Amino acid sequence: MADYLVIVESPAKAKTIERYLGKKYKVKASLGHIRDLPRSQMGVDVESDFEPKYITIRGKGPVLKELKTAAKKVKKVYLAADPDREGEAIAWHLAHSLNIDDKSECRVVFNEITKEAIKDSFKQPRTIDSDLVDAQQARRILDRLVGYNISPILWKKVKKGLSAGRVQSVAVKIIIDRENEIKKFQPEEYWTIDAEFLKDKEPFEGSFYGVDGKKKELKTEDDVKEIQNRMNGDQFSVEKVNKRERKRNPSNPFTTSSLQQEAARKLNFRAKKTMMVAQQLYEGIDLKGKQGITGLITYMRTDSTRLSNTAKEDAKNYIESNFGKEYLANNTNEKKQGGAQDAHEAVRPTGAPRDPKSMKSLLSRDQYRLYKLIWDRFIASQMAPAILDTMTVHMYNQGVEFRATGSKVKFKGFMKIYIEGRDDNKKEQDKLLPDLEEGMTVKAEEIKPNQHFTQPPPRYTEARLVRTLEELGIGRPSTYAPTLDTIQRRGYVSLDNKRFVPTELGEIVLEQLNEYFPEIIDVAFTKGMEDDLDSVEEGKQDWVSIISQFYQGFEPRLQLAEKEMEEIEIKDEPAGIDCENCGHEMVYKMGRYGKFLACSNFPECRNTKPILKKIEVNCPKCKQGEVVERKSKKNRKFFGCERYPDCDFISWDKPISRPCPKCESLLVEKKSKKGTQIQCTECDYKETQQS
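At position 343 of the sequence shown (counting the first as 1) the number is 1071 in the working numbering, and the numbers step up by one without a gap.
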């Protein structure tokens, strides 16, 4: 019989940890929280210092009973929930439910699920950290006070099923503010002049910079003509050549936020998927043989870029063995992020020798791709900087200056295995210039003016929104993925071409929150509240005083909203067509993904239809209907015939109206990182349009 009981959150970890600890230990899983605030009521006594009323979560009774029975049979119980605020709170609730003294050394934490880390953690158990528990409890109570007070008002005044929350409401505001910027944006004309130069039959590119040593902007075609008239011929004198060596340092290893952003850029993963796959890698993969199930990465909820000395030494040995001493960093560019709690390490592999290639056969495709990303970033962070030779050439014709810039990687350093992704999807590449010296003359083969118009700021992708929330200090690592999921499920925003677009419902809700609860959507207020809650975690403030101060201003607003907020009826707009089932008029209704068509005779008639967006292309299959834009059950855009189900034509790629010039079959637009490619569906005809 075992002497010790260890309680973890996930059953996936339990067997692995039990195998590491040996026969004296029995490991069981709590399956997350055992206790929580009740779902059917507020569960917070405002009159008694916001005392929470915790109950056993519905369905967790048998789990708790099993844990109580197991606890009675052992000498000691260890609580080994995850190493974060949430995990500390789970341990505290377990201690309360199992009558364990939370001042005893019952808490065990580990940042990775490896044999060494597990065994070491049991050599230094500690008491439950009350500051961490209070910080989590304060967040939970604050979110309950906001959500359970504002949401019923929104149900009554706007629509059932709505919700408001500290972080989600600010996220929706950020998306709507950007949409308003786009609507108000007035494009401005500007011009550039690019030239292709030739030096000893070797071409290179340069661009107009200015006149008489000063930078000049070209706003109109007249500005361009003025420059063209000033130049004399196509000969340019090279008057200045700047050559210098530049170092480029590697990125830090991943935090939760930077992992979500990079997985979105490079793997096309949604934040929710990134965290799900990372959880699998953390909890363990069966490595076969003696190792068995082993955690491949450290804990994935962190805002720290710190690495342990052991991890650094592990990386150093791998780099030296596989790349050579010259690839080792002299010192690491590791900095604590502003506002980071630094509770534990960055997201990194648990063992540098377990490189992605050796792990590939043991992992699913998604697991392999995310593991490779994490492993590459970690190893690169400990490698030497890249060294680039850069060159800027200043060329003149009658005082008109053109500049050409080029760079060449002299020593790859960390770039040998990893380069951080970019939001603009542009690939980095060497741009070489010929060997140019001052006093030379070069010829401009072609001088080409180009008209441009300034573009509005882009809509937010998941990666951009996560980065913005992090920069503003809104939310914390564990909240980003659920926040993005919630605002979509509530119908406040939708994704169009992987970018967030606010819905009419989202704009209506935000308008009401802005009028009656402006602090809930105020970025500075929300950041200040996050900082206050972090100070509870650091033992600097009492959580009750923070909640009390917030509630003093919040309660009067609730009463005002309940009394004065007008009921908003989202009226159904007539669609101008009749229902083919019952003959009543069809109307536009608001749904989770925006508007849709429904019969006005609901609930007697439940006929619904998506609103079809025509793309002005005749159906290539039946030749009778038009191709329309549709949405799949997973909200993915595709194209099909408006006569469906009579015609079953579908295409994931957008058809275009003209036929293939080679075989007269259907042409479609294919999107890629390089731009939009028009491609024939039957033959090998292709044409590329740069995005």
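All residues carry an ideal CB built from backbone N, CA and C; glycine is no exception.
Predicted model only: the values in this text are computed from it and were never measured.
In this structure, T1207 sits away from G1023, with a CB-CB distance that is not shorter than 9 angstroms. Two segments are said to touch when three or more pairs of C-beta atoms, one from each, lie closer than 8 angstroms; by this definition the stretch 803-822 touches the stretch 849-859. The way I'd put it, the stretch 1034-1047 doesn't touch the stretch 992-1001; fewer than three beta-carbon pairs between them come closer than 8 angstroms. Restricting attention to alpha helix (DSSP H) runs no shorter than 4 residues, the stretch 892-921 encloses them at 894-912, ordered along the chain. In its chain, beyond the 5 residues on either side, A991, L995, F997, T1002, V1005, A1006 and L1009 have a beta carbon closer than 8 angstroms to the beta carbon of L1098. For the pair of segments examined, the stretch 1156-1176 was found to touch the stretch 1119-1135: the number of CB pairs separated by less than 8 angstroms reaches three. When the alpha-carbon of K912 is set against those of I1236, Q963, P1184 and V1251, the nearest one is in P1184.
Collapsing the DSSP output to three states places N1125 in a strand. Taking the C-beta atoms as reference points, P981 is found no nearer than 9 angstroms to S897.
Scanning the stretch 1271-1311 from its first residue to its last, the whole beta strand (DSSP E) runs of 3-plus residues come out as 1301-1306.
For the set G875, K929, K927 and D922, the Cα lying nearest the Cα of G938 is the one of D922.
If you check the CB distance, C1388 and C1369 do not come in under 9 angstroms.
Beyond the five residues adjoining it in sequence on each side, D773 comes within less than 7 angstroms, by CB distance, of E779 and K781 in the same chain, given in chain order. Proximity to E933 across V900, E1174 and I783 peaks at E1174, based on C-alpha coordinates.
Check the Cα spacing between T1030 and each of R1076, E1283, V952 and A1080: the tightest is with R1076. Classified as exposed, K968 has fewer than 16 neighbouring CB atoms from the shown chains inside 10 Å of its CB. The beta carbon of V1315 sits closer than 7 angstroms to the beta carbons of D1300, E1301, P1302, A1303, A1326 and S1328 from its chain, once the five residues preceding and following it are set aside; these are given in chain order. Taking C-beta atoms as the reference points, A863 and E1265 count as a pair closer than 9 angstroms. Scanning the stretch 1013-1052 for uninterrupted beta strand (DSSP E) segments of 3 residues or longer gives nothing; none is fully contained. Here C1391 is exposed. Its C-beta has fewer than 16 other C-beta atoms within 10 Å.
Taking all protein chains shown into account, L1288 has fewer than 16 neighbouring C-beta atoms within 10 Å of its C-beta and is therefore exposed. Counting along the chain, S1222 sits inside no alpha helix (DSSP H); it lies in the beta strand (DSSP E) bounded by residues V1221 to D1224. The Cβ neighbour count for F1181, taken over all protein chains shown within 10 Å, is under 16; the residue is labelled exposed.
Secondary structure at G1141: helix, using DSSP grouped into helix, strand and coil. Here I1305 is exposed, its C-beta having fewer than 16 other C-beta atoms within 10 Å. Contact annotation: E1354 and F1366 have beta-carbon atoms that are not nearer than 9 angstroms. Here R894 is buried, its C-beta having at least 16 other C-beta atoms within 10 Å. Here the alpha carbon of D859 sits roughly 51 angstroms from the alpha carbon of P1338. Residue range T1169 to F1181 is occupied by the beta strand (DSSP E) that includes I1175. By the neighbour-count criterion, in which 16 or more other beta carbons inside 10 Å mark a residue as buried, C1411 falls on the exposed side. Counting along the chain, V1005 sits inside no beta strand (DSSP E); it lies in the alpha helix (DSSP H) bounded by residues A999 to E1011. Taken atom to atom, the span from the alpha-carbon of M1168 to that of E1148 is near 38 angstroms.
In this structure, the beta-carbon distance from I1274 to M1257 falls below 9 angstroms. The shortest C-alpha to C-alpha distance from D1117 to any of F1139, Y1124 and Q1407 is the one to F1139. Residue state for F1245 is assigned as coil, using DSSP reduced to three classes.
Fewer than three beta-carbon pairs drawn from the stretch 806-825 and the stretch 1079-1093 are found closer than 8 angstroms, and the two stretches are therefore not classed as touching.
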